[in-house]
Structures are given as C-alpha cells and as structure tokens.
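Protein chains: 2
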Amino acid sequence: MTNSKFAVAQSGGPTAAINATLLGVIEGALETGGEILGAVNGIKGVINNDFLNLNDTFSDPKNRELLKNTPGSYLGSCRIKLPDPETDTEVYERIFDVFKENGIDKFVYIGGNDSMDTVDKLSRYAKINNIDVSVVGAPKTIDNDLAGTDHTPGFGSAARFVASSVKEVARDSGVYAEKSITIIEIMGRNAGWLTAASALARSENSTAPHLIYLPERPISREKIIEDVRNCPETNIIIAVSEGIRDENGEYYCSQTTQSHDIFGHAQLAGCAKVVEGFLKEEFGYKMRSIELNVLQRCGGHFTSLTDLNESQHIGKRAAHAAIKGRTGVVMAFERTGDYVCTVIENNVADVANKERKVPDEFISENSNDVTDAFMKYARPLILGDVQVITEDGVPKHITR
Amino acid sequence: MTNSKFAVAQSGGPTAAINATLLGVIEGALETGGEILGAVNGIKGVINNDFLNLNDTFSDPKNRELLKNTPGSYLGSCRIKLPDPETDTEVYERIFDVFKENGIDKFVYIGGNDSMDTVDKLSRYAKINNIDVSVVGAPKTIDNDLAGTDHTPGFGSAARFVASSVKEVARDSGVYAEKSITIIEIMGRNAGWLTAASALARSENSTAPHLIYLPERPISREKIIEDVRNCPETNIIIAVSEGIRDENGEYYCSQTTQSHDIFGHAQLAGCAKVVEGFLKEEFGYKMRSIELNVLQRCGGHFTSLTDLNESQHIGKRAAHAAIKGRTGVVMAFERTGDYVCTVIENNVADVANKERKVPDEFISENSNDVTDAFMKYARPLILGDVQVITEDGVPKHITR
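Protein chains in written order, with my numbering: chain X, 1 to 400; chain H, 401 to 800.
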C-alpha cells in the first residue's frame with residue numbers, strides 16, 4: 001500500500017520514438033530497484049486503475065530493444081483535457097486516490113503540448129493539497145512545436161521519413177520526360193517544422209523539393225503560380241504543410257473539409273488537392289498530389305538513431321527527476337556547439353500550451369524555401385542509421 | 401559503325417527494383433567486354449538517338465551498388481504504344497536505323513506488360529525484315545500481374561513496403577481505446593496481388609489487416625458493412641485494392657474520379673474514401689482512409705533483398721539471352737520446392753498483353769481475406785534485409 005512506486009503513461013498522437021522514451025523511463029525506474037506500472041491509455045488508465053506491471057516484461061533486454069524500435073504508443077494513448085484543478089477537483093481526487101492505493105509516488109507523463117497541460121494541472125493539485133507525488137513530463141511530438149526545447153523527441157525520425165520520402169518521390173516523378181508537378185502534403189497545423197524538413201532531401205544530385213510552403217507565411221494562389229512558372233525544373237516537387245493559408249489567412253484545405261478535435265484544433269486535410277486543382281487549371285500538364293499520411297509519424301522502419309537515442313535518454317532523465325522529487329517540470333533538449341545535445345528541465349507551467357513556430361531566420365525571404373540556417377539546425381537530428389529488427393520480412397514489434 | 405553493341409532501356413512505371421535489373425543487364429554486357437548504351441526515356445531514347453554510355457559509370461563498383469539501391473528508373477521511362485509493325489513501318493525504320501548507326505545488335509527492354517508488347521513488335525519487325533538485332537525483354541512491375549512467371553521483379557519490395565506500412569498503421573491506429581476503422585488503399589487496378597500482400601503484416605501479436613478486398617471478387621456495400629459488423633477488433637484495419645468493384649461490376653472509385661491513360665487503362669483513385677463514406681454513415685465512429693500512394697512502388701528504403709537480388713539476376717540472364725542471339729523472348733521466374741527461384745525464357749508473344757490475376761486458391765471463400773496458400777506463396781518474396789546506403793541521413797541515390 002505504501003511502497004514507493006513509479007507510474008508512467010503515454011498520451012497524444014503516436015510517434016516512432018515515444019516508446020524509446022518509455023524505455024528510458026522504465027530503465028531509470030529499474031535502476032532504483034523499484035517497481036514501475038504502466039497506465040493503459042494515458043491518464044485514463046490511471047482514472048480506471050488500469051495498470052500493467054512493466055518490471056517483468058522489460059527486465060528482458062530483447063523486449064527493451066524491441067520497445068525502442070516499435071512505433072506507436074505501447075501503453076496506448078488518450079486525448080483528455082483535465083478541468084481546472086482549483087475549481088473542479090473530482091477527477092483529481094480519483095487520480096490521487098488511485099496513486100495512493102497503488103503506492104505510486106512518482107508519475108512520468110510522456111506526451112505533447114496537451115499532455116504537458118495535464119502535468120501542470122496534476123502537479124498544481126498535488127501542491128495545493130500537499131500530496132507527495134512527483135509529476136514529471138517527458139516531451140514527444142513529431143511537430144517539433146513545443147516551447148523551451150531545442151527540438152522534440154520524435155521529430156528527427158519523422159523528419160527523416162519525410163525527407164527520404166520526398167527524395168524517393170522525386171526519383172519516381174523524374175522518370176518521364178514530360179513536365180509534371182507533384183505536390184506533397186506534410187503534417188503541421190500551425191508550425192511548419194516537418195514540412196521544412198523536406199529540404200533535407202536535397203543532395204548534390206537531387207534538387208527536390210523545389211518549392212516549400214509553411215503555415216508561418218501566408219501565401220496567395222498567384223504567388224504559388226508565379227513560383228511554379230519561375231521554376232526551371234521539368235518535374236517540379238512542391239512540399240506543402242497541411243496548414244498553409246492564403247493572403248487572407250484562410251486555410252487552403254478549408255475549401256475541402258474542416259472540423260475540430262476536442263482541444264479545438266482544426267483537423268485539416270486536403271490542401272495538396274486544392275493546390276493541385278488551381279495549378280492544373282493554370283498549367284494543364286500532369287499533376288499528382290500525395291498525402292504523406294500517418295506513416296510520417298508511425299513509420300518505424302526508417303527512424304533516426306539520433307532521435308531514438310535522445311528520446312530514450314530524455315525518458316531516463318525524466319525518471320531521474322522524479323526520483324529526485326522534482327515535480328511540475330518537463331524535460332527539454334539544449335544544444336551546444338555544432339551539435340551536442342543535453343537534457344535540461346523546464347517548469348511545465350512556463351511551456352505548456354505554447355506553440356513554437358518556425359522562426360523567420362529559418363524561412364527564405366521569398367517565403368518558398370528554407371534557409372541554410374535551418375538546414376544546419378535540422379540535419380543533425382536525422383542522422384544515424386537504425387538496423388530495423390525484422391521477422392518474416394516485416395518489422396517486429398512488441399505489443400502489450 | 402559495325403561494332404557489336406548492347407542497348408538497354410527502361411519503360412513503364414518505376415519500381416524499387418528496376419534499377420537492379422538494369423544493373424544485371426549492364427553486368428551481363430560488361431562480362432563480354434562489349435559496349436553498352438542506355439537509351440534515355442525508353443524506346444523514345446532510341447527514336448531520338450539519345451544514348452548514355454554506361455561502361456564508364458558502371459565500371460565503378462560503388463556506382464553499381466548505388467544503382468541497385470536507387471528506386472525509379474535510372475534511364476528514365478516512357479509510355480509509348482508502337483503501331484502494328486506489319487502495316488505502319490515508319491517508326492520501326494527509324495529505330496533500326498538508329499541501332500545500325502550505333503552498331504547496336506542487342507537490345508534489352510526492361511518493363512511491364514506494355515513494354516513486352518514493344519519487345520514483341522520490335523522482334524517481329526526485325527524477323528520480317530531479316531535484321532540481325534536480338535530483342536529481349538526483362539520484366540518488372542510491382543503489380544505481379546505478368547503472365548508466364550511465378551512472380552515479377554519489383555513485386556517483392558512493394559509487397560514488403562505495403563505489409564510493413566500496414567503493420568505500422570496498425571500500431572498507430574491501435575493507440576486509442578475508442579473504436580476506429582482505418583481503410584488503406586493499395587495499388588492494383590485489376591489484379592489484387594499487392595493488396596493481398598498486406599496480409600504479410602500479420603504476426604503473432606499483430607492481427608491487422610482484418611479485412612482484405614481484391615478486385616478479383618466483386619463485393620457489395622452490404623457485404624463490407626456486414627464484415628465490419630462481424631469483426632471483433634476495436635481498431636479495424638481494412639486493406640482495399642484501388643480497383644475493387646461492387647456486385648454490379650462498378651468501380652467503387654468511379655463515384656469520385658475516373659479517367660484513362662493512353663493504353664486505355666482506367667486511372668483510379670479514391671475507393672478508400674468511398675468506403676470510408678458509407679462505413680461512417682453506418683457506424684459513426686472514427687474513420688480514416690489512407691492512400692499508400694507512389695511510395696509503395698518507389699520506396700527504396702525498405703526493399704526486399706530477395707527481390708533486389710532476383711531482379712539483378714534476371715537482368716543478367718536477359719543480357720546472356722541477347723548474347724546467345726535469342727530474340728522475341730522475355731525472361732521469367734520459375735519456382736521449385738519450398739523456395740528456389742530460377743530464370744526461364746518465354747516467347748514474348750505468348751505472354752505480352754496478358755494479365756495474371758490472383759487465383760481463386762489464394763482468396764478466402766468469403767472474399768474478405770487471403771488463404772494460407774497465398775501466404776506460403778508470397779512470404780519468400782519479401783525476405784531479406786537491405787542495409788540502405790545513406791548520406792546525410794537520407795538514402796543516397798545515383799542519377800544520370
């Protein structure tokens with residue numbers, strides 16, 4: 001009843017590296033000789049008192065290696081926004097009752113911006129009520145849009161998948177001698193980090209993508225048409241973020257479909273189709289639009305070793321912080337020199353619910369490309385080859 | 401003017417393995433100490449007298465290794481249907497004049513069904529006019545629908561990409577506790593081989609895909625709805641071929657868009673969206689449709705080593721056949737025992753313009769899955785891990 005115990009949970013959208021962070025947390029906990037429970041489906045698992053004992057499964061090094069390389073969220077996820085802990089306490093009473101019942105005094109929550117909101121609220125409630133539970137956040141998101149960190153765990157692998165896919169699509173579109181335009185739609189509602197990362201596809205003998213449009217810069221149809229007209233390539237590749245907007249601030253995709261999730265974020269789809277539509281009308285020749293879909297976040301077969309290692313490390317550091325009794329904090333990355341990445345700690349209240357966009361210095365003046373400074377920033381994050389663990393010709397995964 | 405020389409060209413849609421076959425042809429030619437020219441953009445390159453000398457570039461083993469691992473068509477491609485050589489001879493006169501001018505007496509054409517039609521017509525014209533040029537076909541297609549061969553070069557890598565992607569999408573869709581349906585659209589107009597290959601995603605701890613629909617079996621909306629209702633999974637994954645049709649033989653995608661390419665093939669897109677539409681209406685819960693797009697054919701970062709090696713080998717054997725003076729033939733694979741793959745020769749006239757569909761023994765009786773016999777057939781084709789050659793975190797390619 002009163003053992004000192006870890007609990008860990010995962011939240012938000014899956015990534016290719018979030019399980020590496022889970023592994024780090026588990027390793028950090030196992031080092032102390034303590035017990036670690038995994039809540040199934042995020043904070044919902046805590047509310048439902050639905051835990052897995054992780055000690056046995058992950059004392060086996062083979063399972064640890066598999067976990068590091070399995071995309072998605074091993075423990076499952078949820079999308080829940082907790083109420084204000086000062087005014088609506090019912091759910092918090094339940095959560096901390098469950099913690100108490102299971103002897104849990106350290107909780108690491110792995111997730112994105114909305115999950116850091118949960119870390120903030122849980123730690124505030126605990127402080128207000130003098131409950132001795134450390135609540136620590138470990139970040140993840142392919143979107144790279146969290147405040148207070150150089151980059152986010154999961155971004156490097158998604159960026160590598162995006163850049164590699166764009167390069168391969170360029171090999172595909174380049175086979176015919178006839179003029180063509182291929183529009184590749186990449187995830188990113190308000191922040192264009194992942195779309196910017198498409199520029200990492202370029203090499204000495206591969207020039208795609210030729211135009212890059214980010215949500216940070218409104219862009220008119222006329223400007224896109226002019227950019228295409230000025231592009232000397234036969235087979236033009238255009239990378240567009242799902243959230244690009246026109247000069248009036250209207251989403252391009254809003255012409256096709258738009259709804260909202262429970263956090264009020266617009267759910268966007270189809271801007272590439274819209275761009276394809278008016279370019280087809282203008283230029284007439286062969287067009288294709290491609291949505292890189294969920295594989296850009298859950299593609300575990302071409303991850304960045306740098307990302308997986310860093311994601312694992314930040315999880316371990318989150319566990320260490322919880323062991324030290326820190327609470328209401330979230331781990332972050334700090335970069336020094338050409339590329340040394342260390343883990344720092346932020347007050348979660350300072351960074352939750354903030355969105356870090358691509359800064360001006362990373363976007364070209366004419367708003368259709370990234371700068372060398374961006375390339376220098378992003379390149380180290382996608383480096384390092386991972387030997388995928390396969391079985392029968394497909395990646396081998398661990399599931400709960 | 402009268403040297404004995406090879407020419408080689410690539411045609412049709414790109415694959416991840418067609419350059420491995422090109423490498424095989426080059427190696428076969430280089431063994432003879434002869435010269436080999438590559439026609440740029442298929443038979444059009446011959447007509448335009450547009451050749452690259454391949455000897456220098458590919459005497460370097462590093463370039464050979466890169467070529468084997470570069471997706472797309474190194475020499476470029478075209479989609480040209482030649483006229484009847486008995487009645488419309490102009491283009492043939494031009495082609496064989498160019499061959500003569502360059503001293504070319506061996507021509508290997510790497511391509512799919514439409515390209516084998518070209519091999520047939522060129523060799524017929526040469527025979528009719530007593531021209532001593534060997535014309536040999538080397539097959540390729542991700543669709544696996546060529547007649548007279550156990551399987552096609554390029555299919556194994558596409559099948560591996562499809563199966564791995566489906567498995568990763570299952571990790572992604574499985575993170576939430578709420579019911580969901582994900583519909584994955586896979587290439588295949590009339591033959592469902594690649595969609596069938598999605599079943600290779602299954603393993604001990606991963607059951608997706610849960611339903612598989614192929615163009616070989618008409619399927620009504622009502623049957624799909626019933627299948628979904630009977631599926632016990634929380635997060636259902638459905639693999640659909642782009643060419644699935646209803647009980648009246650109507651394409652599902654015809655409700656969105658349909659046009660024809662120059663060979664009269666229907667260009668299909670969007671059946672997953674249509675299926676999503678009526679399932680959403682019926683079941684209401686979360687739906688997502690995903691198009692695996694061109695990455696399934698040009699994804700060079702997760703290829704099958706078996707496929708790349710076999711593709712290289714069949715190219716070499718095509719060169720050997722040309723050296724032996726064979727003409728009007730196309731190479732093919734024959735399988736013996738549990739899995740030994742050898743190269744055989746077919747008369748191109750016997751196999752061109754024929755389409756090999758998935759046979760009944762490979763489709764489950766209730767038309768929503770594949771059989772164990774299919775799994776046994778397909779599994780060997782996707783085996784073998786390739787260490788991708790990367791540079792700066794993305795695959796390194798060779799381009800002309």
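Beta carbons: idealized from backbone N, C-alpha and C, even for Gly. The structure displayed is predicted, hence computed values, not measured ones.
Determine the extent of the beta strand (DSSP E) in which residue 109 of chain X is found, giving its start and end residues.
104 to 111
Which residues does DSSP list as the beta-bridge partners of residue 786 of chain H?
Answer is none; residue 786 of chain H lacks a bridge partner.
Short-range partners of chain X found in the stretch 607 to 629 of chain H, where Cβ spacing is below 7 Å
none
What is the DSSP secondary structure of residue 78 of chain X, counted as helix, strand or coil?
coil
When the cut-off is 8 Å and only beta carbons count, does residue 90 of chain X lie next to chain H?
no
Is the separation between the beta-carbon of residue 22 of chain X and that of residue 75 of chain X shorter than 8 Å?
yes
With distance defined between alpha-carbon atoms, name the residue in H:721, H:429, H:473, H:703 nearest to residue 393 of chain X.
H:703
Of all the alpha helix (DSSP H) runs that stay within the bounds of the stretch 641 to 721 of chain H, which reach a length of 4 or more residues?
671 to 683, 695 to 698
Given residue 12 of chain X as reference, the closest of X:143, X:157, X:295, X:106 once Cα atoms are compared:
X:143
At a Cβ threshold of 8 Å, is residue 253 of chain X touching chain H?
no
Cβ separation of residue 468 of chain H and residue 614 of chain H, assumed to be a contact under 8 Å, to the nearest whole Å
Wrong, their Cβ atoms sit about 31 Å apart, outside the cutoff.
Compare the C-beta of residue 395 of chain X with all C-beta atoms of chain H and state if any pair is closer than 8 Å.
yes
Cα-Cα separation, residue 100 of chain X to residue 322 of chain X
16 Å
Beta-carbon spacing of residue 698 of chain H, residue 416 of chain H below 8 Å:
yes
What first and last residue would you give for the alpha helix (DSSP H) that runs through residue 61 of chain X?
61 to 68
Identify the residues that DSSP records as bridge partners of residue 613 of chain H: which are they?
H:640
Beta-carbon within less than 7 Å of residue 569 of chain H's beta-carbon, same chain only, minus the 5 sequence neighbours each way: which residues are those?
582, 584, 637, 690
What residues from chain H crowd round residue 49 of chain X, counting only those whose CB sits closer than 8 Å?
Neighbours of residue 49 of chain X on chain H: none; closest Cβ ~14 Å, over 8 Å.
At least one CB of chain X closer than 8 Å to the CB of residue 764 of chain H: is that the case?
no
Residues that residue 753 of chain H bridges to, as DSSP identifies them
According to DSSP, residue 753 of chain H bridges with nothing at all.
Let me check one thing: in DSSP terms, what residues is residue 735 of chain H bridge-paired to?
H:741
CB residue 498 of chain H to CB residue 529 of chain H, shorter than 8 Å?
no
Could you work out which residues of chain X lie near residue 422 of chain H, taking near to mean beta carbons separated by less than 7 Å?
Going along chain X, no residue has its Cβ under 7 Å from residue 422 of chain H, so there is no contact; the nearest lies around 12 Å.
Short Cβ contact (8 Å threshold) for residue 510 of chain H with residue 533 of chain H
no
When you compare the CB of residue 77 of chain X with every CB in chain H, is at least one pair closer than 8 Å?
yes
Could you tell me whether the Cβ of residue 446 of chain H comes closer than 8 Å to any Cβ of chain X?
no
Which residues bound the alpha helix (DSSP H) around residue 401 of chain X?
Summary: the structure shown does not reach residue 401 of chain X, with chain X confined to residues 1 through 400, and so no result is reported for it.
With a cut-off of 8 Å, does the C-beta of residue 176 of chain X fall near any C-beta of chain H?
yes
Cα-Cα separation, residue 563 of chain H to residue 301 of chain X:
12 Å
I believe residue 159 of chain X touches residue 194 of chain X by the beta-carbon criterion, under 8 Å. Please report the beta-carbon distance rounded to the nearest angstrom.
6 Å
What is the DSSP secondary structure of residue 446 of chain H, counted as helix, strand or coil?
helix
Residue 123 of chain X by DSSP, collapsed to three states: which one?
helix
Proximity test, Cβ basis, 8 Å: residue 271 of chain X and chain H:
no
Taking Cβ-Cβ distances below 7 Å as the criterion, which residues of the stretch 558 to 592 of chain H are in contact with chain X?
560, 563, 564, 565, 567, 568, 569, 571, 572, 574, 575, 576, 577
Quick one: grab the DSSP three-state call for residue 162 of chain X.
helix
Relative to the C-alpha of residue 26 of chain X, which residue among X:391, X:343, X:311, X:370 is closest?
X:311
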